[in-house]
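Following: one structure in C-alpha cells, then a few remarks.
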Amino acid sequence: MYDFKPDADLPKPERYRQLVDAAGALVDGESDAVANMANVAALMWEFLPGINWAGFYRVVDGELVLGPFAGRPACIRIPFGIGVCGTAASTGETQLVRDVHDFPGHIACDAASRSEVVVPVKRDGEVIAVIDIDSPELARFDEEDAAGVEALALRLANAI
Ligand code: SME
Numbered sequence: 025m026y027d028f029k030p031d032a033d034l035p036k037p038e039r040y041r042q043l044v045d046a047a048g049a050l051v052d053g054e055s056d057a058v059a060n061m062a063n064v065a066a067l068m069w070e071f072l073p074g075i076n077w078a079g080f081y082r083v084v085d086g087e088l089v090l091g092p093f094a095g096r097p098a099c100i101r102i103p104f105g106i107g108v109c110g111t112a113a114s115t116g117e118t119q120l121v122r123d124v125h126d127f128p129g130h131i132a133c134d135a136a137s138r139s140e141v142v143v144p145v146k147r148d149g150e151v152i153a154v155i156d157i158d159s160p161e162l163a164r165f166d167e168e169d170a171a172g173v174e175a176l177a178l179r180l181a182n183a184i
C-alpha cells in the first residue's frame with residue numbers, strides 16, 4: 025500500500041511535482057471518483073504545510089457541492105459566482121487570495137482561514153470541480169502554489 029512521505033524542506037515546485045506524481049500513482053487504474061478525491065485530499069493534507077483545509081467541491085446540477093476533504097466540516101453547497109470557490113467555478117480561473125477578508129463575498133467556513141487558493145478542474149473545457157486549499161496564515165499561497173495545484177487539477181481531470 026501507499027507509504028510515500030514527502031521529503032522535508034523541498035523547494036515548493038519540487039514538492040508539488042512529488043504531490044502530482046503521488047496523486048497520479050494513486051488514481052491511475054481506479055475509476056471511482058469519490059475514492060480518488062478522498063485519497064488526493066489526504067495527500068494534499070500530508071504534502072502541504074501550514075494549511076487547515078484541503079479538498080474538493082464538485083459541480084452538480086449547476087452549483088458546487090462539497091466533496092471529499094481534509095479539515096473541519098465545511099459549507100455544503102456554494103452557488104456559482106459566490107465566494108472564492110464559486111468565482112473559480114464561474115470564471116474557470118485560479119483564485120489566489122492572500123487575505124480572505126479582502127475578497128468580496130468570501131464564505132467563512134472556518135473563521136481561522138486567512139488565505140486560500142482555488143483551482144478549477146476542467147474536462148473537455150468544462151469546469152467539473154474545484155480544488156480548494158485554505159490556510160490560517162496570511163498570504164500562505166503564491167504563484168508557485170497556483171502552478172502546482174493547476175498541475176494537480178490537470179492530472180486529475182479524467183480521474184474524478
Ligand atoms: N472559503 C470558501 C468556502 C469553502 S471553505 O473555505 C472550505 C469560499 O469562499 O469559496
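Counting with my numbering, you get residues 25 to 184 for the letters of the sequence shown. Using N, Cα and C, we set each Cβ at its ideal position, and we do this for glycine too. Since the structure is predicted, the reported quantities are computational estimates derived from the model, not experimental observations.
Would you say residue i and residue j are within 7 Å of each other, going by their C-beta atoms?
i, j, result
"residue 222", "residue 136", "Residue 222 lies beyond the stretch modelled for the chain, which goes from 25 to 184, so this question has no answer here."
"residue 23", "residue 69", "Summary: the structure shown does not reach residue 23, with the chain confined to residues 25 through 184, and so no result is reported for it."
"residue 107", "residue 129", "yes"
"residue 142", "residue 175", "no"
"residue 60", "residue 183", "yes"
"residue 71", "residue 35", "no"
"residue 123", "residue 162", "yes"
Since residue i and residue j are thought to touch, with beta carbons under 8 Å apart, how far apart are those beta carbons, to the nearest angstrom?
i, j, result
"residue 134", "residue 156", "The Cβ separation is near 11 Å, so there is no contact."
"residue 154", "residue 109", "5 Å"
Could you check if residue i is buried or exposed, using at least 16 other CB atoms within 10 Å of its CB as the buried criterion?
i, result
"residue 54", "exposed"
"residue 95", "buried"
"residue 92", "buried"
"residue 144", "buried"
"residue 169", "buried"
"residue 82", "buried"
"residue 178", "exposed"
"residue 39", "buried"
"residue 118", "buried"
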